Each structure stands twice: as C-alpha cells, then as structure tokens.
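According to UniProt numbering, the residues represented by the sequence shown are 1 to 169, in order.
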Amino acid sequence: YFLSLSLFQGLLDKYLISKASNPESKVFYLKMKGDYYRYLAEVATGDARNTVVDDSQTAYQDAFEISKGKMQPTHPIRLGLALNFSVFYYEILNSPDKACQLAKQAFDIAKTKMQPTHPIRLGLALNFSVFYYEIINSPARACHLAKQVSEFFSIFCFITYLKAFCRWA
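Okay, structure coming up:
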C-alpha cells in the first residue's frame with residue numbers, strides 16, 4: 001500500500017504536476033491526485049485515513065483554485081473536478097451541505113455560459129437534482145430542479161427521470 005502510494009505520489013508530484021505547462025494539465029493531474037487519495041480514504045483507517053483525507057482535500061482545493069482563475073466555467077475538466085470534489089465532501093467528509101453548495105455553484109456558473117442542450121449542462125442539472133433527492137431528502141426540490149431542465153431533455157428521458165426520482169408524471 002505505502003510503496004504504491006509513494007510511487008504514485010512521486011510520479012504525480014515530481015514529473016506530472018510540477019512539469020505541467022498549462023492550467024488544464026495541472027488541474028487534471030491535481031484532480032487525479034485528489035481522486036486517488038479519496039479512493040484510499042474509503043478504505044484507510046486511523047492516522048493513515050486522516051493523512052489521505054488531508055492530501056485529497058489539498059489536491060482538490062489546489063486544482064479548484066487554479067481552475068477558477070484559469071479555466072472557463074464550462075471546461076469539462078473544471079466541471080469534472082467540481083463533481084468529484086463535491087463527492088469528496090459528501091462521501092469522505094460527510095458534509096452534504098458543502099457538497100451541494102459546491103455542485104450548485106459549478107452548475108449555476110456553467111449554465112450561464114453554455115447552450116441549454118449542452119450534454120455537460122444536462123449532466124450537472126441531473127446530478128444536482130439527485131443531490132437534493134438523495135442527500136437532502138427533498139423530492140420536491142429535486143422535482144423542481146428537474147422541471148427547470150425539462151426543456152433540455154427529450155420527453156421520454158424527462159418522464160423516465162421524473163418517474164424514477166419524483167414519483168409522478
């Protein structure tokens with residue numbers, strides 16, 4: 001475990017992150033580092049878990065700061081980072097409010113910059129409405145969000161979504 005962790009960290013820190021020549025690459029590698037440590041946090045215990053949780057949060061936060069300053073809100077890497085960082089808050093830190101806030105912020109910023117039918121916008125809208133349904137246990141709010149994006153879905157997909165998550169339609 002620690003040997004592979006050390007090799008992975010060395011590869012990322014020494015060769016990939018430090019030599020990344022553009023913000024997209026740097027954010028991508030920092031996100032990868034955050035993801036890796038998040039996966040480890042799911043199985044680690046005690047002090048080892050605390051260490052990988054801190055490392056994951058640091059990597060995600062560093063990537064998040066770079067992405068906010070140097071990448072478009074609609075960039076797929078930035079949106080993927082926001083989604084994974086929100087999963088980290090929910091699953092690892094047990095902070096559903098922070099997870100929803102981060103996902104909503106990414107969605108709100110991105111939706112003003114992309115076409116209504118952009119696949120990433122649709123995915124963000126669905127993910128955010130599922131957050132409300134599953135995490136906050138607010139089916140009414142989830143349905144409201146789903147209805148807001150209904151114009152972007154085919155009728156079949158939208159009705160299927162509402163049946164599955166909102167119990168009507």
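Idealized CB from N, CA, C, for every residue including glycine.
Bear in mind that the values here come from a model prediction, so they are computed numbers and not experimental data.
Assuming residue i and residue j make a contact with CB atoms under 8 Å, what is their CB distance in whole Å?
{"i": "G34", "j": "F107", "result": "Actually they do not touch by this definition, with Cβ atoms about 20 Å apart."}
{"i": "residue 191", "j": "Y36", "result": "A query on residue 191 cannot be resolved here, the shown segment of the chain reaching from 1 to 169 and no further."}
{"i": "F110", "j": "T74", "result": "First, the residue type needs correcting, since residue 110 is Ala and not Phe in the sequence shown. Indeed, because the Cβ distance is near 5 Å, the residues count as touching under 8 Å."}
Please state if the CB of residue j and the CB of residue i are separated by a distance shorter than 8 Å.
{"i": "K113", "j": "Q72", "result": "yes"}
{"i": "L79", "j": "K31", "result": "no"}
For residue i, which residues from the same chain have a beta carbon less than 6 Å from its beta carbon, with the 5 sequence-adjacent residues on both sides left out?
{"i": "K98", "result": "Y89"}
{"i": "S95", "result": "Y89"}
{"i": "A59", "result": "L30, K33, G34"}
{"i": "residue 182", "result": "Nothing about residue 182 can be reported from this structure: the residues present for the chain run from 1 to 169 only."}
Cutting at 7 Å between CB atoms, please list the residues of its own chain near residue i, excluding the five before and the five after it.
{"i": "T51", "result": "none"}
{"i": "K19", "result": "none"}
In angstroms, rounded to a whole number, what distance separates the CA positions of residue i and residue j?
{"i": "F85", "j": "N22", "result": "21 Å"}
{"i": "Y15", "j": "V53", "result": "23 Å"}
{"i": "K68", "j": "Q101", "result": "15 Å"}
{"i": "G10", "j": "Q105", "result": "33 Å"}
{"i": "I135", "j": "A48", "result": "Note that I135 scores 49 on pLDDT, short of 50, meaning its location in the model is unreliable; the coordinates nonetheless yield the value given after this. The straight-line gap from Cα to Cα measures roughly 27 Å."}
{"i": "T45", "j": "S6", "result": "18 Å"}
{"i": "D55", "j": "L12", "result": "13 Å"}
{"i": "E24", "j": "Q57", "result": "19 Å"}
For residue i, collect the residues of the same chain with a Cβ closer than 8 Å to its Cβ; drop the 5 residues on either side in sequence, then sort them by chain order.
{"i": "E42", "result": "E91, I92"}
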